[in-house]
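Below is one structure, written out as structure tokens; the observations come after it.
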Amino acid sequence: MNASSQCPPVHAVDDAPLLRIRLALFLAGFATFSLLYSVQPLLPEFAREFGLSAAASSLPLSLATGGLAIAIFCAGAVSETLGRRGLMFVSIALAALLNLLASYLPHWGALVVVRALSGIALGGVPAVAMVYLAEELPASRLGAATGLYVAGNAFGGMVGRIGMSMLTDHFDWRTALATLSAVDLLAAVGFVWLLPPSRHFVRRQGVNLRFHLRAWGGHLRDRHLPWLFAIPFLAMGVFVSVYNYAGFRLGGPEFGLSQSQLGMIFSAYVFGIVSSSVAGAASDRFGRGPVVLAGIATAALGVALTLAHALVPVIAGIVLLTIGFFVAHSAASAWVGRLGGQFKGHAASLYLLAYYAGASVIGSLSGAAWQHGGWNALVACCLVLLGIGLVAAQVLRCGADDSRPYGRFGPHPPRGE
300 MNASSQCPPV
310 HAVDDAPLLR
320 IRLALFLAGF
330 ATFSLLYSVQ
340 PLLPEFAREF
350 GLSAAASSLP
360 LSLATGGLAI
370 AIFCAGAVSE
380 TLGRRGLMFV
390 SIALAALLNL
400 LASYLPHWGA
410 LVVVRALSGI
420 ALGGVPAVAM
430 VYLAEELPAS
440 RLGAATGLYV
450 AGNAFGGMVG
460 RIGMSMLTDH
470 FDWRTALATL
480 SAVDLLAAVG
490 FVWLLPPSRH
500 FVRRQGVNLR
510 FHLRAWGGHL
520 RDRHLPWLFA
530 IPFLAMGVFV
540 SVYNYAGFRL
550 GGPEFGLSQS
560 QLGMIFSAYV
570 FGIVSSSVAG
580 AASDRFGRGP
590 VVLAGIATAA
600 LGVALTLAHA
610 LVPVIAGIVL
620 LTIGFFVAHS
630 AASAWVGRLG
640 GQFKGHAASL
650 YLLAYYAGAS
660 VIGSLSGAAW
670 QHGGWNALVA
680 CCLVLLGIGL
690 VAAQVLRCGA
700 DDSRPYGRFG
710 PHPPRGE
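Numbering (the working numbering), first residue to last: 300 to 716.
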């Protein structure tokens with residue numbers, strides 16, 4: 300079929316086994332985020348074992364998210380030709396195997412390289428998962444299903460962080476990392492068993508690099524999508540920055556928490572699981588714009604609360620940041636499916652490129668603020684970034700129509716060569 304073919308018509312919810320899709324995508328989100336963020340609670344361990352600064356110890360996470368960002372940029376486009384289900388399974392399984400390999404490597408440089416490769420391998424999941432949902436589900440169910448997928452992300456991030464922290468208190472970090480990798484291999488098997496093959500996917504034939512560049516360029520010239528892409532870049536960057544360096548502060552002389560106690564701080568992800576599901580349904584009812592604005596504002600309040608010198612308000616701040624971030628991300632990611640038009644895969648890849656680039660770039664550079672200005676400097680940078688995110692969300696809310704069926708190209712996409 301030529302690249303100019305129209306998308307399939309809107310279909311009824313009974314066209315696909317909704318429960319199996321939701322559970323499978325929950326497992327995909329779980330595996331992706333548990334693999335990606337399994338090393339986050341290990342940053343102080345890396346700093347001690349390898350004699351590194353706080354910023355340098357974040358490289359296994361920053362380069363993994365950077366590799367993921369680059370891979371996502373291509374994965375959405377590749378899936379337009381190869382299909383969705385198989386690409387997602389191979390990505391999860393390969394990333395789990397690479398993470399398992401990383402647990403046995405004795406040299407810092409090799410560990411960093413393998414973690415970067417695992418991030419690249421994971422690139423086949425996030426962009427493709429969003430597109431699969433947009434294709435297989437009607438618009439009335441898309442927000443709730445996307446919310447459950449994001450909840451899987453939150454659950455995976457929580458299990459990766461808490462599980463690694465608790466295991467590291469009883470075993471060494473290498474054993475903990477190997478154990479989590481084995482769990483994620485099982486999640487990959489469960490995912491491919493549950494997820495039905497695509498029923499509404501239209502394989503695009505005869506496309507080349509010029510076709511993909513035109514599709515990406517069209518989205519970047521759109522009046523609304525660049526504002527949407529700014530939101531995950533800023534919000535994810537702030538979220539990762541706080542979680543990256545909170546362990547150094549809370550485990551330091553001021554609070555003196557143990558590794559297991561630090562891991563329990565990450566149970567704030569429970570609130571992310573709940574809030575992302577609620578936000579998905581709320582965005583279907585009230586619109587994406589108000590929900591995104593509320594999420595960013597809540598995250599900013601949470602970041603400000605972490606300035607306190609008592610443990611309870613700091614934890615409350617991390618909880619509010621987590622709630623706000625997942626609310627904003629859940630609503631904004633569902634927006635991609637509505638504004639992406641004929642090229643949802645390309646729009647999703649740009650959205651997630653921004654999302655993980657924020658985690659990699661801001662998450663790494665904010666380490667300089669922590670090293671040179673302490674927690675106050677880190678919080679100041681995060682609040683400025685969230686302020687810019689509020690501006691982007693307001694501009695998008697005022698200009699974008701949630702029901703707009705097409706992207707910049709309108710109903711006539713560019714033809715493949």
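Backbone N, C-alpha and C fix where the C-beta goes; we use that ideal spot for every residue, glycine too.
All of these numbers come straight from a predicted model, not from anything done at the bench.
C-alpha of Phe-532 to C-alpha of Ala-581: approximately 23 Å in a straight line. Each of Leu-685, Ile-687 and Leu-324 was checked against the Cα of Ala-486, and the nearest Cα belongs to Leu-324. The Cβ atoms of Ala-631 and Val-539 do not sit closer than 8 Å to each other. Nearest to Ala-477 by alpha-carbon distance, out of Arg-584, Leu-400, Arg-587 and Ala-598, is Leu-400. Under the three-state reduction of DSSP, Arg-584 is assigned to helix. Taking the CA atoms as reference points, Tyr-431 sits about 13 Å from Ala-374. Residues Phe-624, Ala-627 and Gly-688 of the same chain have their beta carbon placed closer than 6 Å to that of Ala-534, with the five preceding and five following residues left out of the count. Trp-407 sits away from Phe-470, with the two beta carbons spaced by 8 Å or more.
With a beta-carbon spacing of about 5 Å, Ser-575 and Ala-450 fall inside the 8 Å limit used to define contacts.
With a 10 Å radius around the Cβ and a threshold of 16 neighbouring Cβ atoms, Tyr-403 comes out exposed.
Separation of Leu-494 and Ser-464 (C-alpha to C-alpha, rounded to the nearest whole angstrom) is 31 Å. Leu-335 sits close to Ala-363, with the two beta carbons spaced by under 8 Å. Annotation for Val-338: Pro-359 and Leu-360 place their beta carbon closer than 6 Å to its own, counting only its chain and skipping 5 residues before and after. With 16 or more neighbouring CB atoms inside 10 Å of its own CB, Val-424 falls in the buried class.
In the DSSP assignment, Gln-560 falls within the alpha helix (DSSP H) that extends over 558-564. Where Pro-525 is concerned, the enclosing alpha helix (DSSP H) starts and stops at 524-549. Taking the CA atoms as reference points, Ser-557 sits about 11 Å from Phe-547.
His-645 sits buried, since 16 or more C-beta atoms from the chains shown fall within 10 Å of its C-beta.
For Ala-453 against Ile-572, the beta-carbon gap comes to about 4 Å, under 8 Å, which counts as contact. Around the beta carbon of Val-611, a 10 Å sphere encloses fewer than 16 other beta carbons of the protein chains shown; the residue is thus reported as exposed.
Counting along the chain, Pro-343 sits inside the alpha helix (DSSP H) bounded by residues 342-349.
In the DSSP annotation of this structure, the continuous segment of the alpha helix (DSSP H) that includes Ser-480 starts and ends at 472-493.
An exposed status is given to Ala-609, since fewer than 16 other beta-carbon atoms sit within 10 Å of its beta-carbon. The beta carbon of Val-590 is closer than 7 Å to those of Ala-578, Ala-581, Ser-582, Val-626 and Ala-630 in its chain, skipping five residues each way along the sequence.
The alpha-carbon of Gly-550 is positioned some 28 Å away from that of Gly-594. Counting only residues of its own chain and dropping the five nearest sequence neighbours on each side, Gly-455 has a CB closer than 7 Å to the CB of Gly-328, Phe-329, Ala-330, Thr-331, Phe-332 and Ser-333.
Excluding five sequence positions before and after Trp-515, the CB atoms of its chain that fall closer than 7 Å to its own CB belong to His-645 and Leu-649, given in chain order.
DSSP, reduced to helix, strand and coil, places Phe-332 within a helical segment of the structure shown. Ala-545 and Leu-326 have their C-alpha atoms some 27 Å from each other. Of all alpha-carbon atoms in Glu-553, Ala-667, Trp-674 and Met-563, the one lying nearest the alpha-carbon of Thr-605 is that of Trp-674. Rounded to whole angstroms, the gap between the alpha carbons of Leu-393 and Ser-663 is 25 Å. Only buried fits Pro-340, as 16 or more other CB atoms lie within 10 angstroms of its CB.
Put simply, the backbone Cα of Val-488 is about 8 Å away from that of Phe-388. If you ignore the 5 residues before and after Gln-670, its C-beta comes within less than 8 Å of the C-beta of Ser-352, Ala-353 and Ala-354, all in its own chain and listed in chain order. If you draw a straight line from the Cα of Arg-414 to the Cα of Leu-396, it comes to about 11 Å.
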